[in-house]
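All residue numbers for the sequence shown refer to the numbering used here, where the first residue is 28 and numbers rise by one. From the three backbone atoms N, C-alpha and C, an ideal C-beta is built for every residue, glycine too. None of these values were measured; they are calculated from a predicted model. Okay, structure first, notes after.
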Amino acid sequence: MNQFIFPFTLAFTALSILGAFLAPQNGLTNLALLVSVGLVSLGKLPTAWRSGLLAVLALALTILLRLNPNDKLAFYGLLGVLVAAFLLPNLSKLIRIALALAILFIAVPIAGLTNSFLFELGIQIGIFAALALGLNVVVGQAGLLDLGFAAFFAIGAYTWGIFGSPQAAQFIPGYPAEGLPGNYLYLFMALAVITAAITGVLIGLPALRLRGDYLAIVTLGLGEVVRVFANNLDKPLNITNGPQGITPVNRPDVGPLAEFLRAIGAERLYGRPIDEPIAYSFFFYLLVLVVIGIVVLVNIRLANSRFGRAWVAIREDEIAAKAMGIPLLPTKLLAFATGAAFSGAMGAVFAAKQTFVSPESFTLQASINILAFVILGGMGSIGGAVVGAAAVTVLNIGILKDFSDLLNTWRQTGVTILGYNMANLPPQLNPAKYERLVFGLILILMMIFRPEGLIPEQRHRAELQEARQEAKEGGGK
28 MNQFIFPFTL AFTALSILGA FLAPQNGLTN LALLVSVGLV SLGKLPTAWR
78 SGLLAVLALA LTILLRLNPN DKLAFYGLLG VLVAAFLLPN LSKLIRIALA
128 LAILFIAVPI AGLTNSFLFE LGIQIGIFAA LALGLNVVVG QAGLLDLGFA
178 AFFAIGAYTW GIFGSPQAAQ FIPGYPAEGL PGNYLYLFMA LAVITAAITG
228 VLIGLPALRL RGDYLAIVTL GLGEVVRVFA NNLDKPLNIT NGPQGITPVN
278 RPDVGPLAEF LRAIGAERLY GRPIDEPIAY SFFFYLLVLV VIGIVVLVNI
328 RLANSRFGRA WVAIREDEIA AKAMGIPLLP TKLLAFATGA AFSGAMGAVF
378 AAKQTFVSPE SFTLQASINI LAFVILGGMG SIGGAVVGAA AVTVLNIGIL
428 KDFSDLLNTW RQTGVTILGY NMANLPPQLN PAKYERLVFG LILILMMIFR
478 PEGLIPEQRH RAELQEARQE AKEGGGK
């Protein structure tokens with residue numbers, strides 16, 4: 028069987044590239060590419076062939092996106108190649124990094140400069156991935172259940188939202204009427220990290236003396252306290268503008284980036300002007316990539332440090348960790364502050380990107396969503412947190428919305444499928460409105476069939492395999 032996989036996959040890839048030139052709109056081309064990705068993910072090919080084939084797939088999908096930037100299926104295929112590059116065994120670190128950089132910094136921008144939706148989707152994935160990585164430190168590595176994590180996201184957003192807008196002039200005499208210029212965002216990202224980390228310590232001091240469900244309840248309450256404060260700090264001093272939110276929040280100047288794109292011939296290449304909206308989409312896409320790269324590197328270093336080992340020890344057995352001399356409260360506070368810092372940095376980026384900050388963005392539902400990203404990807408797993416955030420974001424923003432649009436098209440055209448006229452399809456059947464239901468079903472299925480998550484931490488994977496083996500041996504007796 029193995030000797031047929033490589034020729035079969037190579038043939039599919041060749042046909043896909045040919046089809047991309049002949050008929051870029053053809054869905055069968057996309058299907059062939061995705062089948063190829065699936066075959067590669069089996070991990071049956073020799074390492075050298077697998078690496079080369081992943082590169083060819085990335086190139087083919089990039090060609091598809093260049094010819095048809097609205098081809099979302101090709102974009103999802105690129106994400107699949109990116110995930111496969113980090114999941115498949117025996118690939119060198121250099122190949123993994125090279126594929127990731129090529130896809131993120133070459134393939135996506137090639138299509139994104141024509142279809143800014145790809146940038147928007149990438150920005151959303153990056154923001155949620157950073158939040159998931161922050162909570163992964165707290166929940167996944169240190170084992171501290173935090174149900175109010177969105178509070179730190181709010182702290183970061185309001186740190187820039189207040190001072191990077193006309194809002195601060197309402198309570199600070201002599202403050203610039205339009206707020207600080209957008210280029211101060213970089214400084215305030217650092218301040219947001221510090222502010223969120225300090226807030227994490229202040230919240231953690233009373234909360235982290237508790238454990239288990241009690242800790243979860245307290246963090247839930249403290250997270251809501253931050254949101255309620257933001258909702259009511261419009262009197263007697265109007266600091267947050269209350270439920271009306273803060274707008275406009277200033278953005279950095281993207282003039283130099285737009286000039287650079289024009290200088291390299293982007294306007295001639297894409298046949299459209301590089302206007303301000305597309306320049307801002309590209310700018311925030313790059314900024315989010317840089318931030319997420321820093322967050323991932325810090326996560327990796329911390330996981331392999333003595334602090335990371337101390338967090339795991341506390342997660343596995345708090346009493347034993349204390350007996351071994353690990354200071355519980357300071358170590359827990361460090362985990363809380365670290366996760367909060369990641370969230371705060373991305374909060375400042377979020378405020379500038381949206382140009383609007385409102386308490387409604389930081390509800391309990393937001394905290395639950397971030398926790399779900401971590402659980403879906405695999406608690407304690409750095410790659411799992413990123414993949415979990417990406418999977419849910421693509422599902423909510425991309426797949427369900429596209430499926431709803433497809434059903435609406437079928438209703439309007441009256442297509443008949445299996446003898447049923449789709450014009451009679453109830454208008455209430457709108458998958459985009461049932462994203463919580465779909466996501467809940469996915470989580471239930473994950474807990475039943477793969478409780479360790481999509482990309483489990485090595486320790487969790489080993490423990491679950493051992494438990495399953497013991498269950499089998501016990502059942503056979």
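- What residue range is occupied by the uninterrupted alpha helix (DSSP H) comprising valine 108? Counted from its first residue, the sequence shown places residue 108 at position 81. Where valine 108 is concerned, the enclosing alpha helix (DSSP H) starts and stops at 99-114.
- Pull up the CB-CB distance for threonine 358 and leucine 329, whole angstroms please, since I reckon it's below 8 Å. In the sequence shown, counting from the first residue as 1, residue 358 sits at position 331. In the sequence shown, counting from the first residue as 1, residue 329 sits at position 302. With 8 Å as the limit, threonine 358 and leucine 329 do not qualify as a contact, their Cβ atoms being about 12 Å apart.
- Helix, strand or coil: how does DSSP classify asparagine 448 here? Translated into positions along the sequence shown, residue 448 becomes position 421. Reduced to three states, the DSSP call for asparagine 448 is strand.
- Check the DSSP bridge columns for isoleucine 346 and list the partner residues they point to. Start at 1 with the first residue of the sequence shown, and residue 346 comes out as number 319. DSSP output for isoleucine 346 lists no bridge partner at all.
- Query: Nearest to threonine 89 by CA position, among Ala234, Gly480, Leu105, Ala184, is which residue?
  - Reply: Within the sequence shown, residue 89 is the residue found at index 62, counting from 1. Among Ala234, Gly480, Leu105, Ala184, the Cα nearest to that of threonine 89 is on Leu105.
- Message: Along the chain, where does the alpha helix (DSSP H) containing glutamate 479 start, and where does it finish?
- Response: Counted from its first residue, the sequence shown places residue 479 at position 452. No alpha helix (DSSP H) holds glutamate 479; DSSP gives it neither H nor E.
- Task: Identify the continuous alpha helix (DSSP H) that holds glycine 415 and give its terminal residues.
- Result: On the sequence shown, position 388 is the one that residue 415 refers to. Glycine 415 -> alpha helix (DSSP H) spans 409-420.
- Indicate whether leucine 158 and isoleucine 397 have their beta-carbon atoms separated by less than 8 Å. If you number the sequence shown from 1, residue 158 lands on position 131. If you number the sequence shown from 1, residue 397 lands on position 370. With contacts defined by Cβ atoms closer than 8 Å, leucine 158 and isoleucine 397 form a contacting pair.
- State the beta-bridge partners of isoleucine 273 as determined by DSSP. Here residue 273 refers to the residue found at position 246 of the sequence shown. In the DSSP output, where bridge partners are listed per residue, isoleucine 273 has Val384.
- Query: Are three or more beta carbon pairs between the stretch 336-349 and the stretch 163-175 nearer than 8 Å?
  - Reply: yes
- Going by CA-CA distance only, name the one from Ile133, Leu118, Leu128 that's closest to leucine 92. Within the sequence shown, numbered from 1, the residue matching residue 92 stands at position 65. When only C-alpha atoms are compared, the closest one is Ile133.
- Task: Figure out for me which residue from Phe190, Tyr213, Leu212, Leu214 has the closest Cα to the Cα of phenylalanine 203.
- Result: By one-based count along the sequence shown, residue 203 stands at place 176. Inspection of the sequence shows that residue 203 is occupied by proline rather than by phenylalanine. Comparing Cα positions, the closest option is Phe190.
- Item | Selected residue, minimal CA-CA separation from valine 253, among Phe389, Trp437, Ala112 | Position 226 of the sequence shown, counted from the start, is the residue given in the question as residue 253. Considering only alpha carbons, the answer is Phe389.
- Message: My output table needs one value for threonine 267: the three-state DSSP class, helix, strand or coil.
- Response: The residue you call residue 267 lines up with position 240 of the sequence shown. Residue state, collapsed to three classes: coil.
- Task: Please classify threonine 358: does DSSP put it in a helix, a strand, or coil?
- Result: The residue given as residue 358 occupies position 331 in the sequence shown. Here threonine 358 sits in helix by DSSP.
- Item | serine 308 and serine 119 closer than 8 Å at C-beta | Position 281 of the sequence shown, counted from the first residue, corresponds to residue 308. Position 92 of the sequence shown, counted from the first residue, corresponds to residue 119. No; because the gap between Cβ atoms is not below 8 Å, this pair is not in contact.
- Query: If you follow the alpha helix (DSSP H) that proline 283 is part of, which residue opens it and which one closes it?
  - Reply: Against the sequence shown, residue 283 aligns to sequence position 256. Here the alpha helix (DSSP H) through proline 283 covers 282-290.
- Query: If you draw a straight line from the alpha carbon of leucine 131 to that of arginine 123, how long is it in whole angstroms?
  - Reply: Reading the sequence shown from its first residue, position 104 is the one you call residue 131. Reading the sequence shown from its first residue, position 96 is the one you call residue 123. Distance between the alpha carbons of leucine 131 and arginine 123 is about 12 Å.
- Query: Since tryptophan 187 and phenylalanine 146 are thought to touch, with beta carbons under 8 Å apart, how far apart are those beta carbons, to the nearest angstrom?
  - Reply: In the sequence shown, counting from the first residue as 1, residue 187 sits at position 160. In the sequence shown, counting from the first residue as 1, residue 146 sits at position 119. Not quite, the Cβ-Cβ distance comes to about 21 Å (not below 8 Å), so this is no contact.
- Message: Per the DSSP calculation, threonine 443 is bridged to which residue(s)?
- Response: Here residue 443 refers to the residue found at position 416 of the sequence shown. Asn448, per the DSSP bridge assignment.
- Message: Can you give me the C-alpha to C-alpha distance between threonine 443 and asparagine 451, rounded to a whole angstrom?
- Response: Along the sequence shown, read from residue 1 onward, the residue named residue 443 stands at position 416. Along the sequence shown, read from residue 1 onward, the residue named residue 451 stands at position 424. Those two C-alpha atoms are separated by around 10 Å.
- Straight-line gap, tyrosine 185 to glycine 411 (C-alpha atoms, nearest Å): Here residue 185 refers to the residue found at position 158 of the sequence shown. Here residue 411 refers to the residue found at position 384 of the sequence shown. If I take the Cα positions, the gap works out to 29 Å.
- For alanine 306 versus valine 281, is the C-beta spacing smaller than 8 Å? In the sequence shown, counting from the first residue as 1, residue 306 sits at position 279. In the sequence shown, counting from the first residue as 1, residue 281 sits at position 254. Contact flag set, yes.
- Distance, leucine 422 Cα to leucine 445 Cα: The sequence position of residue 445 within the sequence shown is 418, counting from 1. The sequence position of residue 422 within the sequence shown is 395, counting from 1. Spanning the two alpha carbons is a distance of roughly 26 Å.
- Message: Is the separation between the beta-carbon of leucine 468 and that of leucine 403 shorter than 8 Å?
- Response: Mapped onto the sequence shown, residue 468 falls at position 441. Mapped onto the sequence shown, residue 403 falls at position 376. In this structure, leucine 403 does not lie closer than 8 Å to leucine 468 by Cβ.
- Item | Where isoleucine 471 falls, given that 16 or more other Cβ within 10 Å makes a residue buried | For the purposes of this step, residue 471 is taken as the residue at position 444 of the sequence shown. That one is exposed.
- Query: Helix, strand or coil: how does DSSP classify proline 279 here?
  - Reply: The residue given as residue 279 occupies position 252 in the sequence shown. Of the three classes helix, strand and coil, the one that applies to proline 279 here is coil, per DSSP.
- Item | Residue burial classification, glycine 406 (beta-carbon count within 10 angstroms, cutoff 16) | Looking up residue 406 in the sequence shown gives position 379. In the sequence as presented, glycine is not what sits at residue 406; that position holds methionine. Classification of methionine 406: buried, given that the 10 Å Cβ count is 16 or more.
- Query: Could you give the residue range of the alpha helix (DSSP H) that holds glutamine 392?
  - Reply: Within the sequence shown, numbered from 1, the residue matching residue 392 stands at position 365. Note, glutamine 392: alpha helix (DSSP H), 391-404.
- Any idea if threonine 440 is buried or exposed, counting beta-carbon neighbours within 10 angstroms, 16 or more meaning buried? The residue given as residue 440 occupies position 413 in the sequence shown. The residue in question, threonine 440, is exposed, as its Cβ has fewer than 16 Cβ neighbours within 10 Å.
- Message: To the nearest angstrom, how far is the alpha carbon of asparagine 53 from that of alanine 399?
- Response: Here residue 53 is taken as the residue at index 26 of the sequence shown, counted from 1. Here residue 399 is taken as the residue at index 372 of the sequence shown, counted from 1. The pLDDT assigned to asparagine 53 is 49, lower than 50, so where the model puts this residue is not dependable, and the model offers no usable value.
- Query: Rounded to a whole number of angstroms, what is the C-alpha to C-alpha distance between arginine 463 and glycine 292?
  - Reply: On the sequence shown, position 436 is the one that residue 463 refers to. On the sequence shown, position 265 is the one that residue 292 refers to. Between arginine 463 and glycine 292, the C-alpha separation is close to 44 Å.
- Where do the N-terminal and C-terminal ends of the alpha helix (DSSP H) with aspartate 240 fall, by residue? Numbered from 1 along the sequence shown, position 213 holds the residue referred to as residue 240. First-last of the alpha helix (DSSP H) with aspartate 240: 239-259.
- Message: Please report the straight-line C-alpha distance between alanine 217 and aspartate 173, rounded to a whole angstrom.
- Response: As a position in the sequence shown, residue 217 is number 190, starting the count at 1. As a position in the sequence shown, residue 173 is number 146, starting the count at 1. Alanine 217 and aspartate 173: Cα-Cα distance of roughly 24 Å.
- Task: Pull up the distance between the alpha-carbon of leucine 360 and that of phenylalanine 310, whole angstroms please.
- Result: For this step, residue 360 is matched to residue 333 along the sequence shown. For this step, residue 310 is matched to residue 283 along the sequence shown. Using only the alpha carbons, I get a separation of about 34 Å.
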